[in-house]
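Protein chains: 2
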Amino acid sequence: MLHHRDLSPDECLAHLREAEVGRMAVSTPGGPHIVPLTYVLHDGRVVVRTSPWSIVGTHAREGLVAFEVDALDVASRSGWSVVVRGRGEFVTDPAQLAAVRECWPVPWAAGTRTLVVALPTTDVTGRSFGASSVVHSA
Amino acid sequence: MLHHRDLSPDECLAHLREAEVGRMAVSTPGGPHIVPLTYVLHDGRVVVRTSPWSIVGTHAREGLVAFEVDALDVASRSGWSVVVRGRGEFVTDPAQLAAVRECWPVPWAAGTRTLVVALPTTDVTGRSFGASSVVHSA
């Protein structure tokens, strides 16, 4: 994927709205780690659910994280990738939790994913790849 | 994706052999970063190409990195994810470079991606997701 074009913040947010799965990178004492997570874009933040004792639950609190979403087509060597970087914030306010739950694509099952982490999209960058570099979805 | 099953190292390596694109996480002074990259599995190592002044080129030398490959199907809430963690090694030996180039799926175009980084797969973990947790590809 040699050719690429930088995406505008608006283009990045449009991609973040259309996708449902991304990958969060956190720093751990043993180096970076990556975890795939479903998410929603809510109130200008990427919001994920995890368990308090998971990799993200352990290392994302007040820590810097990166969240990447992409659609990459190997056959045509084209696609896009968007990365949000910043400080993960734990969402504990009941009204905010209810609002996030409301826009989640599937009902929240009872379980261990009781921790909700939000990442502001103030630092968002993205690229489209391909010969034309105008691909907006795979 | 509530249900999951841990994959064996052999299952992880099988997935690494079948995919062509992954995401590398590196630690930077500004926090973790994630970059999508095409790769090959060569001689037990994940091998990627980048430019010396890229994010990976700048932060992967002798640094701890994580490389993630996945196939996640949102509709069926199933799929798999494999993560390799370790120290990125710059490949400079001409014979090794020739061997990597030989197994690359497309010819290497002239350009700026002159830096070849290899990550041993000694630390590899993976999970399959889904109600059955036996999904091996999306």
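Note that the protein sequences, when read in sequence, are chains A and B.
In this text, residue positions in the first sequence follow this note's numbering: the first is 495, and each later residue adds one.
In this text, residue positions in the second sequence follow this note's numbering: the first is 495, and each later residue adds one.
Every residue, glycine too, gets a C-beta built ideally from N, C-alpha and C.
Can you grab the Cα-Cα spacing for the pair residue i / residue j, in whole Å?
| i | j | result |
| --- | --- | --- |
| B:A508 | A:D587 | 43 angstroms |
| B:T619 | B:S575 | 9 angstroms |
| A:V628 | A:S570 | Unreliable positioning characterises A:V628 in this predicted model, as indicated by a pLDDT of 46, which lies under 50. The coordinate reading is nonetheless provided below. Spanning the two alpha carbons is a distance of roughly 13 angstroms. |
| B:E556 | A:T608 | 37 angstroms |
| A:W547 | A:A519 | 16 angstroms |
| B:E514 | A:A589 | 42 angstroms |
| A:S502 | A:G580 | 18 angstroms |
| B:V577 | A:T615 | 25 angstroms |
| A:R595 | B:L566 | 22 angstroms |
| B:P526 | B:I549 | 11 angstroms |
| B:H497 | A:R621 | 33 angstroms |
| A:V611 | A:G582 | 6 angstroms |
| A:W602 | A:D617 | 28 angstroms |
| B:D564 | A:V529 | 10 angstroms |
| B:R517 | B:G551 | 14 angstroms |
| B:A554 | A:V540 | 26 angstroms |
Which word fits residue i, buried or exposed, when buried means at least 16 other C-beta atoms lie within 10 angstroms of its C-beta?
| i | result |
| --- | --- |
| A:A604 | exposed |
| B:G624 | buried |
| A:V600 | exposed |
| B:S521 | buried |
| A:E562 | buried |
| A:R511 | exposed |
| B:D504 | exposed |
| A:H630 | In this predicted model, A:H630 has a pLDDT of only 44, less than 50, meaning its place in the structure is not dependable; the value taken from the coordinates is given anyway. So A:H630 counts as exposed. |
Figure out for me which residue from the options has the closest Cα to the Cα of residue i.
| i | options | result |
| --- | --- | --- |
| A:H709 | A:L609, A:A592, A:T606 | Lying before the first or after the last residue shown, residue 709 of chain A is absent from chain A, which here runs from 495 to 632. |
| A:F584 | A:S622, A:V578, A:L501, A:L613 | A:L613 |
| A:L558 | B:T616, B:P523, B:L531 | B:P523 |
| A:G538 | A:S572, A:W602, A:V600, A:C506 | A:C506 |
| B:T606 | B:G573, B:V568, B:D567, B:S545 | B:S545 |
| B:L531 | B:A560, B:T616, B:G525 | B:A560 |
| B:V568 | A:V534, A:H553, A:G573 | A:V534 |
| B:R499 | B:S572, B:G525, B:G551, B:I549 | B:S572 |
| A:C597 | A:L566, A:V542, A:R621, A:T615 | A:V542 |
Got a sec: does the ligand GTP put a non-hydrogen atom nearer than 8 angstroms to the Cβ of residue i?
| i | result |
| --- | --- |
| A:G525 | Absent from the structure shown: the ligand GTP. Ligands present: none. |
According to DSSP, which residues form a beta bridge with residue i?
| i | result |
| --- | --- |
| B:W574 | B:A565, B:S622 |
| B:R579 | B:A560 |
| B:H498 | B:F623 |
| B:A519 | B:I528, B:A560 |
| B:R543 | B:V610 |
| B:L535 | B:V540 |
| A:V585 | DSSP, once it has assigned bridges, lists no residue as partnering A:V585. |
Original post:
If contact means a Cβ-Cβ distance below 8 angstroms, which residues of the region 506-527 of chain A contact chain B?
Top reply: Answer in chain order: E514, V515, R517, A519, V520, S521, G524, G525, P526, H527.
Subject >> Interface positions of the region 562-583 of chain A facing chain B (Cβ-Cβ less than 7 angstroms), listed along the chain >> reply: Listed in sequence order: E562, D564, L566, V568, S575, V577, R579.
Subject >> Contact set between the region 540-562 of chain B and chain A, restricted to residues whose Cβ is under 9 angstroms from the partner >> reply: Listed by position, the residues of the region 540-562 of chain B near chain A (Cβ gap below 9 angstroms) are G557, L558, V559, A560, F561, E562.
**OP:** Report the residues of the region 597-620 of chain B with a CB closer than 7 angstroms to any CB of chain A, ordered along the chain.
**Re:** Residues A603, G605.
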